[in-house]
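Asks: To start, I am sharing the structure in question, which I have written as structure tokens.
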């Protein structure tokens, strides 16, 4: 178990700690946010606004790569520090929202919406809402237009958290393998994901 001193000592490492804000990236993020909001409110007029979500994912990957590039050392201790930072930043508010939606679905919904939302609670709690979408004919975009599942919006956070879980493992693999083996590993993973996305 991690004690307070261990948790505090994570902060001594610069591993994936925030870099100084970059105006260009903040501008891209702002445009992406506006696009997503406009898509949700005016889907007929801003049908491509959902691309902003893809921009968020690209920015996350870019920033993570940039921050790990400056690290000389990356081992289990640094990985634990990374996981701690991500969890501290995302999980409290995320699970508060899931709890509120779960209470609403239990006491305020009836019929099919109630059944659908109760099924979605476990997906959201385990951060695999995006997997539910792939098992259904309803993509997250279709779900959002129907608006009968309060947990649909958690798919992007679930996907991002899955990325955060896997990313440090990739870093360890790449830094321990010969570069050509690392490239082959990356190619294999890329090919495998083409069958699941």
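Residue numbers (UniProt numbering): 1 to 197.
Heads up, the beta-carbon is just placed ideally off N, CA and C, and yes, glycines get one too.
Here the structure is a predicted model, which is why all the values come from computation and not from measurement.
(1) Since residue 87 and residue 56 should fall inside the 8 Å C-beta cutoff, what is the C-beta to C-beta distance between them, to a whole number of angstroms?
(2) Quick one: what does DSSP say residue 126 is sitting in, helix, strand or coil?
(3) Is the stretch 98-111 touching the stretch 78-87 in the sense that three or more CB pairs, one from each, lie closer than 8 Å?
(4) Which residue's Cα is closest to the Cα of residue 24: 37, 48, 41, 63?
(5) Taking 7 Å as the limit between beta carbons, can you name the residues of its chain near residue 159, skipping five residues before and five after?
(6) Just curious, the alpha helix (DSSP H) that residue 76 is in, first and last residue?
(7) To the nearest angstrom, report how far apart residue 37 and residue 44 are at their CA atoms.
(8) What did DSSP end up calling residue 185 once you bin it into helix, strand or coil?
(9) Going by beta-carbon coordinates alone, are residue 157 and residue 95 separated by less than 8 Å?
(10) For a test of the three-state rule: what should DSSP assign to residue 177, helix, strand or coil?
(11) Going straight from the alpha carbon of residue 110 to that of residue 149, what length do you get?
(12) I'd like to know whether the C-beta atoms of residue 42 and residue 35 end up nearer to each other than 8 Å.
Replies: From the atom records:
(1) Mapped onto the chain shown, residue 87 falls at position 87. Mapped onto the chain shown, residue 56 falls at position 56. Actually they are not in contact, since the Cβ atoms of residue 87 and residue 56 sit about 19 Å apart, beyond 8 Å.
(2) Within the chain shown, residue 126 is the residue found at index 126, counting from 1. Residue 126 sits in coil when the DSSP states are folded into three classes, being neither helix nor strand.
(3) Cβ pair count under 8 Å is below three, so no.
(4) By 1-based counting over the chain shown, the position of residue 24 is 24. Closest by C-alpha distance to residue 24, out of 37, 48, 41, 63, is 63.
(5) Counting from 1 along the chain shown, the entry for residue 159 is found at position 159. Annotation for residue 159: 130 place their beta carbon closer than 7 Å to its own, counting only its chain and skipping 5 residues before and after.
(6) As a first step, residue 76 is located in the chain shown; it is residue number 76 there, counting from the start. For residue 76, the enclosing alpha helix (DSSP H) begins and ends at 76-108.
(7) By one-based count along the chain shown, residue 37 stands at place 37. By one-based count along the chain shown, residue 44 stands at place 44. When rounded, the separation of the alpha-carbon atoms in residue 37 and residue 44 is 13 Å.
(8) Translated into the one-based positions of the chain shown, residue 185 becomes position 185. Three-state DSSP puts residue 185 in a helix.
(9) The residue given as residue 157 occupies position 157 in the chain shown. The residue given as residue 95 occupies position 95 in the chain shown. Against a cut-off of 8 Å, the Cβ pair of residue 95 and residue 157 comes out as no contact.
(10) The residue labelled residue 177 in the question sits at position 177 within the chain shown. Coil.
(11) Numbered from 1 along the chain shown, position 110 holds the residue referred to as residue 110. Numbered from 1 along the chain shown, position 149 holds the residue referred to as residue 149. Roughly 12 Å between the two C-alpha positions.
(12) By one-based count along the chain shown, residue 42 stands at place 42. By one-based count along the chain shown, residue 35 stands at place 35. Note that the C-beta distance between residue 42 and residue 35 is not below 8 Å.
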